[in-house]
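Residue numbering for the sequence shown follows the working numbering, starting at 889 and increasing by one per position.
Every residue gets a Cβ at the ideal spot worked out from N, C-alpha and C, and that includes glycine.
Computed from a predicted model, the values in this text were never measured in an experiment.
These notes are about the structure you will find just below.
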Amino acid sequence: MGSKAICICFISIFLFFSSPFVILITLACVGVKPRFYVEELYIPSLNTSNPLTHNATNPNTSIIIDLEFKRELAHVPLRYRDINVTLYYGQNRSSVGGAVVAGFSQGKRRTARRRAVVDASGLPWEEAFERVSRGSGVEVKVEVDTGYMLRRCDEDRCYYTKAKAVVVAADLVVDGSGVEVSKKAMRLKKKVSV
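Okay, here's the thing in structure tokens:
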């Protein structure tokens, strides 16, 4: 009877002290996929409160977008390839422009931010301004296409893994302030092909 209790006691102690190691090893093997967010989207030409930003004959065609790159587990350094940002307008999803943000190393930081300025062409400025002036919003789809590489080290050297391609998108609504209406950062999610 006494040896059985001692055996159970040793097994319990072993499980208690080995559990954190198992959890840490599991976390180390879990993917470190980044998450992409739109912190802010600003279209100056749709700001109805500022008469200088909207000019019917020569509108300001810039669209400013702040992107945030987040990681839950930041124990492995990470590097991004060039980030292609494409914007689409309205229900029919007509492309209105794009920009390229230079690739960068996020290292072991949990978050990083980058700003892109898209020079929009093909956006029906008059129609969009009319809609936001009436209190409606205009739909803008943001698509981000990039790739990321993880830094790995073995006994001899450190290297970056092969790039993993990522295409994510989100639908946003811009109101008469020219700013995206959601008060919190909008997560870009994996694009679904139809």
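Rounded to the nearest whole angstrom, the C-alpha separation of F898 and L961 is 33 Å. Annotation for R1019: the continuous alpha helix (DSSP H) segment containing it runs 1013-1021. With a beta-carbon spacing of about 13 Å, R959 and M1037 fall beyond the 8 Å limit used to define contacts. Taking C-alpha positions only, N972 is separated from F905 by approximately 47 Å. If you draw a 10 Å sphere on the C-beta of A893, you find fewer than 16 other C-beta atoms in it, and that means exposed. Nearest to F992 by alpha-carbon distance, out of G985, A1000, K1050, is A1000. Contact holds between the region 1023-1042 and the region 1056-1075, because three or more Cβ pairs, one in each stretch, are under 8 Å apart. Counting only residues of its own chain and dropping the five nearest sequence neighbours on each side, G995 has a CB closer than 8 Å to the CB of P965, L966. Beta bridge pairing from DSSP links V1006 with I951. Apart from the 5 residues on each side of it in sequence, A1016 sits with its Cβ closer than 7 Å to the Cβ of L934, V1026 in its chain, given in chain order.
Per the coordinates, the alpha-carbon of A1008 lies some 9 Å from the alpha-carbon of S983.
Cβ contact annotation for P922 (same chain, cutoff 7 Å, sequence separation greater than five): F957, K958, R959, L966, Y1036, in chain order. Using a 10 angstroms sphere on the CB of P947, the tally of other CB atoms reaches 16 or more, which defines it as buried. For T1034, same chain residues with a beta-carbon under 6 Å away, outside a window of 5 residues either side, are Y968, R969, I971, V1054 in chain order. Nearest C-alpha to R998 among H963, R1022, E1014: H963.
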